[in-house]
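Position one of the sequence shown corresponds to residue 22 (my numbering), numbered consecutively onward.
Right, one structure below, let's go through it.
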Amino acid sequence: MASTEDRPARDYGTLMKQALIELDALQRQLDELRRARTEPIAVVAMACRFPGGAHDLDSFWALLREGVNTVAEVPRGRWDLETYYDPDPDVPGKVYCRRAALLDQSVVEQFDPAFFGIAPREAERMDPQQRILLEVCWEALENAGVPADSVTGSRTGLFVGSCTDDYLQLFNNVADPERIDGYSSLGTARCITVGRVAYLLGVAGPVVQLDTACSSSLVAVHQACQSLRSGDSDMILAGGVNLQLSPAWSIGLCKLKALSPDGCCRAFDAGANGFVRGEGCGMIVLKRLSDALEHGDRVLAVIRGTAVNHDGRSSGLTVPNPAAQEQLLRRALDAAGLQPDDVDYIEAHGTGTALGDPIEMAALGAVFGGRDRPLWVGSLKTNIGHLEGAAGIAGLIKTVLALQHRELPPHLHFREPNPH
Numbered sequence: 022m023a024s025t026e027d028r029p030a031r032d033y034g035t036l037m038k039q040a041l042i043e044l045d046a047l048q049r050q051l052d053e054l055r056r057a058r059t060e061p062i063a064v065v066a067m068a069c070r071f072p073g074g075a076h077d078l079d080s081f082w083a084l085l086r087e088g089v090n091t092v093a094e095v096p097r098g099r100w101d102l103e104t105y106y107d108p109d110p111d112v113p114g115k116v117y118c119r120r121a122a123l124l125d126q127s128v129v130e131q132f133d134p135a136f137f138g139i140a141p142r143e144a145e146r147m148d149p150q151q152r153i154l155l156e157v158c159w160e161a162l163e164n165a166g167v168p169a170d171s172v173t174g175s176r177t178g179l180f181v182g183s184c185t186d187d188y189l190q191l192f193n194n195v196a197d198p199e200r201i202d203g204y205s206s207l208g209t210a211r212c213i214t215v216g217r218v219a220y221l222l223g224v225a226g227p228v229v230q231l232d233t234a235c236s237s238s239l240v241a242v243h244q245a246c247q248s249l250r251s252g253d254s255d256m257i258l259a260g261g262v263n264l265q266l267s268p269a270w271s272i273g274l275c276k277l278k279a280l281s282p283d284g285c286c287r288a289f290d291a292g293a294n295g296f297v298r299g300e301g302c303g304m305i306v307l308k309r310l311s312d313a314l315e316h317g318d319r320v321l322a323v324i325r326g327t328a329v330n331h332d333g334r335s336s337g338l339t340v341p342n343p344a345a346q347e348q349l350l351r352r353a354l355d356a357a358g359l360q361p362d363d364v365d366y367i368e369a370h371g372t373g374t375a376l377g378d379p380i381e382m383a384a385l386g387a388v389f390g391g392r393d394r395p396l397w398v399g400s401l402k403t404n405i406g407h408l409e410g411a412a413g414i415a416g417l418i419k420t421v422l423a424l425q426h427r428e429l430p431p432h433l434h435f436r437e438p439n440p441h
């Protein structure tokens, strides 16, 4: 029989073993949390409606590869140029730019409400942005090989960026107050744009509509990645939508002298004189990379890291902040676990403004300068204009297609570097 003197020592040894076991388990949990926080996110499908007849990914890639400029004179089906155009930027109520990159009118006007279980009268009151988003989300799920009815009740999320509500303006301007009903209230509410898709699919994950101006759709992607890593979502549809249905925004932008008078986006060129408005919709389907591989999904690309910040106080409310842009680039690289030399291509914001382009290029130079090999830079806006709330997702889809085809499409309208 062991003496009583041995028992404390044995009890102490047992406690130490148990403590080590628990510490090991806690370390594994901590490692798992750290891994989840930085897990790569897989892009498993995409869908789009972009100008120039780019109504699917194949036609969009053909447009890019051939270097097509989709900017054209605004057709009468949108708004009457003869009523609203004047070359003098100071004339009230007028635009000095006659051109934009627009979807085919049939894409905006045609819709099959029965397919989505929507009453014809309700469909008539719906903002076309809601209709196009429904179509593109459905197509994105099809491209992912995911039956729409399979996501009902699942932790599938929706993060969508948009920043214009032209249809609401049109409706308020022309509608007889007696014609306003419940359908028109829902059909013109921006929050319903994403809410309607969530209702159709019956998803139970987070559903968020964002407006951060031109960055809306990329902020949507950032938040989608965060939601997947936190476990709030298991699959996400992320992207943005933007339509030009009224001249009001264009009039305001002309008063700011932000648009190119001749309707040409010359990003990073010495002749840059403003941006060109564009429109469209793009959506991607995201999963955690480990889940995508386990499910046998086709992984189109991997998002290693994202970052978001704000310009804060700069030299003007609409003036970019070069220090903030540089900080953002470094934080994105850090989140991805990459060094500047690891990057081969930048799909830039590149709006074609005399002030914004040099600021963006200065930030890129501060982070990626001093390389032994070139860093390729391009801007989709030279092809399809500035899609505003959907601009970021359009650039992301372009970049994924370039990776898929192992080819960089041409950057248009560049002849001489911006001297600033």
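Built from N, CA and C at the ideal position, the CB exists for glycine as well.
Here the C-alpha atom of Val65 lies approximately 30 Å from the C-alpha atom of Gln126. DSSP places Pro282 outside both helix and strand once states are collapsed to three, so it counts as coil. Contiguous alpha helix (DSSP H) elements confined to the stretch 250-310 occur at 269-276, taking only those with 4 or more residues. The Cβ-Cβ distance between Ala356 and Ala387 does not fall below 7 Å. The Cβ neighbour count for Trp397, taken over all protein chains shown within 10 Å, is under 16; the residue is labelled exposed. Leaving aside the five residues that flank Leu258 on each side, the residues in its chain whose CB is nearer than 7 Å to its CB run, in chain order, Cys158, Ala161, Leu179, Met304, Val306. The criterion of a C-beta distance shorter than 7 Å is satisfied by Gln150 and Leu264. When the beta-carbon positions are compared, Ser251 and Gly182 stay at least 7 Å from each other. Going by DSSP, Tyr366 is part of the beta strand (DSSP E) stretching over 366-368. At a cut-off of 3 residues, the continuous stretches assigned as beta strand (DSSP E) that sit fully inside the stretch 151-235 are 177-182, 228-231. For Arg86, no beta strand (DSSP E) run applies; the uninterrupted alpha helix (DSSP H) run containing it begins and ends at 78-86, by DSSP. Out of Val323, Val340, Thr420, the CA that lies nearest to the CA of Ile62 is found in Val323.
Cβ neighbours of Ala122 within its own chain (closer than 6 Å, five residues either side excluded): Pro72, Thr91, Val92, Gly299, Ile405, Gly406.
Going by DSSP, Met382 is part of the alpha helix (DSSP H) stretching over 377-389. About 7 Å separates the CB atoms of Thr177 and Asp255; that is less than 8 Å, so the two are in contact. Counting only residues of its own chain and dropping the five nearest sequence neighbours on each side, Pro268 has a CB closer than 7 Å to the CB of Trp100, Tyr105, Val116. In this model, Gln247 and Val262 are separated by some 21 Å (Cα to Cα).
Fewer than three pairs of CB atoms, one per stretch, sit closer than 8 Å, so the stretch 194-210 makes no contact with the stretch 276-284. Going by C-alpha positions, Ala169 is about 15 Å away from Leu154. For Phe71, the pairing in a beta bridge is given by DSSP as Ala75. In the DSSP secondary-structure assignment, Glu94 is bridged to Arg120. A straight line joining the alpha-carbon of Leu102 with that of Gly284 spans about 14 Å.
Of all alpha-carbon atoms in Asp186, Arg351, Ile380, the one lying nearest the alpha-carbon of Ser336 is that of Ile380. Under the DSSP assignment, Val129 falls outside any beta strand (DSSP E), being part of the alpha helix (DSSP H) whose first and last residues are 126-130. For Gly399, the enclosing beta strand (DSSP E) begins and ends at 397-399. Each residue's CA atom was taken as its position, placing Ala288 and Arg142 some 43 Å apart. Between the alpha carbons of Glu437 and Val195 lies a gap of roughly 47 Å.
Taking Arg211 as the centre and dropping the five residues before and after it, the same chain places the C-beta of Ser183, Asp186, Gln230 closer than 7 Å to its C-beta, in chain order. Here DSSP, grouped into helix, strand and coil, assigns Ala344 to helix. When Glu409, Asp111, Gln425 are compared, the shortest CA-CA separation from Trp270 is found for Glu409. Bounds of the alpha helix (DSSP H) holding Ala415 are 412-426.
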